[in-house]
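Report on the following structure.
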Amino acid sequence: MSTDTSSAPGLRAMGIGCAVLVALPVLVVLGFLVVLEVESSTPEDYPTVAPEETARQMFAVSQDAYAVLGFAPEVPPGNFTTGSDVSENGFDDLDYCYPDGLESINDQPEPNAYSFGHSWAISGVDAGEARAGMRRLRAHLEKQGWSVEDPGTGSGELGLSATKGHGDSTTTASFWWQPRQGGRFDGGVGSGCAYAPDDIDAESVDTIAFDVPPLRPTPR
(Lines of atoms letter the chains of each structure in order from A and count residues from 1; the text may use other names and numbers.)
(Lines give C-alpha, C1' and ligand atoms only; values in the text may rest on other atoms or scores of the structure.)
Protein backbone atom coordinates (compact mmCIF):
# COMPACT_ATOMS: atom_id res chain seq x y z
CA MET A 1 0.00 0.00 0.00
CA SER A 2 1.38 3.41 -0.99
CA THR A 3 0.75 6.80 0.59
CA ASP A 4 0.50 9.91 -1.60
CA THR A 5 2.55 12.63 0.09
CA SER A 6 2.75 14.96 -2.91
CA SER A 7 0.11 17.28 -1.43
CA ALA A 8 1.82 17.66 1.97
CA PRO A 9 3.97 20.72 1.06
CA GLY A 10 0.94 22.41 -0.44
CA LEU A 11 -1.12 21.76 2.68
CA ARG A 12 1.68 23.11 4.86
CA ALA A 13 1.95 26.23 2.70
CA MET A 14 -1.79 26.68 2.87
CA GLY A 15 -1.68 26.36 6.64
CA ILE A 16 1.08 28.93 6.93
CA GLY A 17 -0.82 31.27 4.63
CA CYS A 18 -3.97 30.95 6.70
CA ALA A 19 -2.00 31.60 9.89
CA VAL A 20 -0.52 34.74 8.37
CA LEU A 21 -3.94 35.94 7.27
CA VAL A 22 -5.29 35.38 10.77
CA ALA A 23 -2.30 36.97 12.51
CA LEU A 24 -2.00 40.03 10.26
CA PRO A 25 -5.14 41.84 11.46
CA VAL A 26 -4.17 41.07 15.06
CA LEU A 27 -0.72 42.56 14.52
CA VAL A 28 -2.23 45.63 12.87
CA VAL A 29 -4.59 46.15 15.81
CA LEU A 30 -1.78 45.63 18.32
CA GLY A 31 0.42 48.08 16.45
CA PHE A 32 -2.40 50.62 16.39
CA LEU A 33 -2.95 50.23 20.15
CA VAL A 34 0.77 50.63 20.85
CA VAL A 35 0.96 53.82 18.78
CA LEU A 36 -2.21 55.13 20.44
CA GLU A 37 -0.78 54.43 23.90
CA VAL A 38 2.49 56.17 23.05
CA GLU A 39 0.71 59.23 21.65
CA SER A 40 -1.67 59.37 24.62
CA SER A 41 1.21 59.34 27.09
CA THR A 42 3.13 62.04 25.21
CA PRO A 43 2.18 65.66 26.06
CA GLU A 44 1.01 67.90 23.23
CA ASP A 45 3.32 70.60 21.95
CA TYR A 46 1.54 73.37 23.88
CA PRO A 47 3.36 76.11 25.78
CA THR A 48 2.81 76.37 29.53
CA VAL A 49 1.15 79.71 30.28
CA ALA A 50 -0.89 80.84 33.27
CA PRO A 51 -4.46 81.76 32.23
CA GLU A 52 -4.02 85.26 33.68
CA GLU A 53 -1.03 85.80 31.39
CA THR A 54 -3.03 84.57 28.40
CA ALA A 55 -5.75 87.05 29.37
CA ARG A 56 -3.20 89.86 29.43
CA GLN A 57 -1.86 88.86 26.01
CA MET A 58 -5.29 88.56 24.41
CA PHE A 59 -6.45 91.91 25.79
CA ALA A 60 -3.25 93.53 24.53
CA VAL A 61 -4.10 92.38 20.99
CA SER A 62 -7.63 93.78 21.31
CA GLN A 63 -6.37 97.08 22.71
CA ASP A 64 -3.81 97.42 19.94
CA ALA A 65 -6.44 96.72 17.28
CA TYR A 66 -8.94 99.11 18.85
CA ALA A 67 -6.41 101.93 18.88
CA VAL A 68 -5.56 101.32 15.21
CA LEU A 69 -9.23 101.23 14.23
CA GLY A 70 -9.49 104.75 15.60
CA PHE A 71 -12.93 104.56 17.19
CA ALA A 72 -13.66 107.32 19.68
CA PRO A 73 -15.54 105.82 22.64
CA GLU A 74 -13.87 104.14 25.56
CA VAL A 75 -15.36 100.67 26.08
CA PRO A 76 -15.77 99.84 29.78
CA PRO A 77 -15.66 96.28 31.12
CA GLY A 78 -18.91 94.37 31.00
CA ASN A 79 -21.84 93.97 28.62
CA PHE A 80 -24.39 96.77 28.32
CA THR A 81 -27.25 97.01 25.83
CA THR A 82 -29.82 99.81 25.86
CA GLY A 83 -32.03 99.87 22.80
CA SER A 84 -29.67 100.03 19.83
CA ASP A 85 -26.69 101.07 21.97
CA VAL A 86 -24.22 98.24 22.55
CA SER A 87 -21.06 98.13 24.65
CA GLU A 88 -19.31 94.81 25.31
CA ASN A 89 -15.85 94.11 26.69
CA GLY A 90 -14.94 90.87 28.42
CA PHE A 91 -13.10 87.56 28.43
CA ASP A 92 -14.69 84.42 27.04
CA ASP A 93 -15.04 81.22 29.05
CA LEU A 94 -12.14 78.78 29.02
CA ASP A 95 -12.49 76.10 26.37
CA TYR A 96 -11.07 72.58 26.22
CA CYS A 97 -8.24 71.58 23.90
CA TYR A 98 -8.37 68.25 22.09
CA PRO A 99 -5.25 66.44 20.87
CA ASP A 100 -4.56 65.80 17.20
CA GLY A 101 -3.56 62.52 15.55
CA LEU A 102 -4.77 59.10 16.67
CA GLU A 103 -5.61 60.46 20.12
CA SER A 104 -8.47 62.41 18.62
CA ILE A 105 -10.54 59.23 18.27
CA ASN A 106 -10.82 59.11 22.07
CA ASP A 107 -12.66 62.46 21.99
CA GLN A 108 -11.13 63.35 25.35
CA PRO A 109 -9.72 66.81 26.15
CA GLU A 110 -6.04 67.17 26.91
CA PRO A 111 -5.65 67.33 30.72
CA ASN A 112 -5.06 70.83 32.12
CA ALA A 113 -4.94 72.38 28.64
CA TYR A 114 -7.11 75.33 27.73
CA SER A 115 -7.80 78.14 25.27
CA PHE A 116 -9.92 81.26 25.49
CA GLY A 117 -10.06 84.81 24.27
CA HIS A 118 -11.33 88.35 24.56
CA SER A 119 -14.25 89.91 22.70
CA TRP A 120 -15.76 93.36 22.43
CA ALA A 121 -18.45 95.24 20.54
CA ILE A 122 -19.71 98.80 20.10
CA SER A 123 -22.54 100.41 18.16
CA GLY A 124 -22.77 103.73 16.34
CA VAL A 125 -19.94 103.09 13.85
CA ASP A 126 -20.87 104.24 10.35
CA ALA A 127 -19.80 102.38 7.21
CA GLY A 128 -17.15 104.88 6.17
CA GLU A 129 -15.54 104.86 9.60
CA ALA A 130 -15.56 101.05 9.68
CA ARG A 131 -14.10 100.74 6.18
CA ALA A 132 -11.26 103.19 6.89
CA GLY A 133 -10.52 101.48 10.19
CA MET A 134 -10.41 98.06 8.54
CA ARG A 135 -7.89 99.31 5.97
CA ARG A 136 -5.61 100.66 8.69
CA LEU A 137 -5.97 97.50 10.75
CA ARG A 138 -5.17 95.20 7.82
CA ALA A 139 -1.95 97.08 7.06
CA HIS A 140 -1.02 97.12 10.76
CA LEU A 141 -1.59 93.40 11.30
CA GLU A 142 0.27 92.40 8.14
CA LYS A 143 3.21 94.54 9.24
CA GLN A 144 3.22 92.65 12.55
CA GLY A 145 3.36 89.27 10.81
CA TRP A 146 -0.30 88.27 10.89
CA SER A 147 -1.86 86.38 7.99
CA VAL A 148 -4.96 88.40 7.06
CA GLU A 149 -7.98 87.25 5.06
CA ASP A 150 -11.35 88.64 4.02
CA PRO A 151 -14.04 86.23 5.26
CA GLY A 152 -17.30 85.89 3.43
CA THR A 153 -19.71 88.59 4.56
CA GLY A 154 -23.36 89.33 4.05
CA SER A 155 -24.68 92.17 1.95
CA GLY A 156 -23.45 95.52 3.24
CA GLU A 157 -21.21 93.96 5.89
CA LEU A 158 -17.44 94.23 6.37
CA GLY A 159 -15.14 91.58 7.80
CA LEU A 160 -11.51 90.77 8.45
CA SER A 161 -9.90 87.68 9.99
CA ALA A 162 -6.28 87.09 10.94
CA THR A 163 -4.05 84.34 12.32
CA LYS A 164 -0.58 84.32 13.82
CA GLY A 165 1.46 81.31 14.89
CA HIS A 166 1.47 77.64 13.98
CA GLY A 167 -0.57 74.56 14.76
CA ASP A 168 -2.62 74.42 17.93
CA SER A 169 -0.80 77.47 19.32
CA THR A 170 -2.18 79.76 16.61
CA THR A 171 -3.75 83.01 17.79
CA THR A 172 -6.84 84.03 15.83
CA ALA A 173 -8.54 87.40 15.48
CA SER A 174 -11.73 88.52 13.76
CA PHE A 175 -13.39 91.88 13.20
CA TRP A 176 -16.88 92.43 11.84
CA TRP A 177 -19.07 95.40 10.98
CA GLN A 178 -22.83 95.21 10.38
CA PRO A 179 -25.23 98.03 9.56
CA ARG A 180 -27.70 97.05 12.29
CA GLN A 181 -27.82 98.94 15.61
CA GLY A 182 -26.60 102.10 13.96
CA GLY A 183 -23.47 100.30 12.77
CA ARG A 184 -22.31 97.51 15.07
CA PHE A 185 -18.61 96.61 15.17
CA ASP A 186 -17.46 93.37 16.84
CA GLY A 187 -13.90 92.35 17.56
CA GLY A 188 -12.44 89.24 19.09
CA VAL A 189 -9.15 87.46 19.63
CA GLY A 190 -8.66 83.82 20.63
CA SER A 191 -5.62 82.15 22.09
CA GLY A 192 -4.07 78.93 20.91
CA CYS A 193 -3.95 75.96 23.25
CA ALA A 194 -1.73 76.10 26.34
CA TYR A 195 -1.10 74.08 29.47
CA ALA A 196 -1.85 75.71 32.79
CA PRO A 197 1.07 75.51 35.27
CA ASP A 198 1.04 72.49 37.58
CA ASP A 199 -0.25 74.55 40.52
CA ILE A 200 -3.33 75.70 38.56
CA ASP A 201 -6.32 73.53 37.67
CA ALA A 202 -7.49 74.85 34.30
CA GLU A 203 -10.99 73.45 34.78
CA SER A 204 -11.50 75.53 37.93
CA VAL A 205 -10.42 78.84 36.36
CA ASP A 206 -13.25 81.37 36.05
CA THR A 207 -12.45 84.10 33.54
CA ILE A 208 -15.12 86.33 35.09
CA ALA A 209 -12.71 86.88 37.97
CA PHE A 210 -10.07 88.33 35.64
CA ASP A 211 -9.57 92.08 35.75
CA VAL A 212 -10.81 93.55 32.44
CA PRO A 213 -9.42 97.02 31.64
CA PRO A 214 -11.41 99.43 29.49
CA LEU A 215 -10.62 99.55 25.79
CA ARG A 216 -9.27 102.99 25.01
CA PRO A 217 -8.93 104.82 21.68
CA THR A 218 -5.19 105.13 22.35
CA PRO A 219 -3.17 103.10 24.90
CA ARG A 220 -2.21 104.91 28.10
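Numbering of the sequence shown is given in this note's numbering, commencing with residue 422 and proceeding in unit increments.
Each residue gets a CB set at the ideal place from its N, CA and C atoms; glycine is no exception.
Worksheet item: residue 588 by DSSP, collapsed to three states: which one?
Response: helix
Discussion item. Counting C-beta neighbours from all protein chains within 10 Å, is the total for residue 629 16 or more, i.e. buried, or is it exposed?
Written reply: exposed
Worksheet item: Cβ of residue 615 within 8 Å of Cβ of residue 468?
Response: yes
Discussion item. Assuming residue 554 is part of the alpha helix (DSSP H), what are its boundary residues?
Written reply: 548-564
Discussion item. Considering only DSSP beta bridges, list what residue 401 is partnered with.
Written reply: Residue 401 lies beyond the range of the chain shown here (422 to 641); nothing can be said about it.
Practice prompt. Return helix, strand or coil for residue 583, following the three-state DSSP convention.
Written response: strand
Item to complete: Kindly indicate which three-state DSSP category residue 529 falls into: helix, strand or coil?
Response: coil
Worksheet item: Below 8 Å, can you find three or more Cβ-Cβ pairs linking the stretch 572-581 to the stretch 531-544?
Response: no
Practice prompt. Could you tell me the boundaries of the beta strand (DSSP E) in which residue 601 lies?
Written response: Here residue 601 belongs to no beta strand (DSSP E), and DSSP marks it neither H nor E.
Item to complete: Return helix, strand or coil for residue 574, following the three-state DSSP convention.
Response: coil
Worksheet entry | Bridge-paired residues (DSSP) for residue 595 | 582, 609
Discussion item. For residue 553, tell me which candidate among 637, 465, 625, 492 has the shortest Cα-Cα distance.
Written reply: It is 492.
Item to complete: Take the Cβ of residue 637 as the centre, count every other Cβ of all protein chains shown within 10 Å, and call the residue buried at 16 or more, exposed below.
Response: exposed
Discussion item. Using beta carbons (cut-off 8 Å, strictly below), is residue 537 in contact with chain C?
Written reply: Chain labels in this structure do not include chain C; a single protein chain is all it has.
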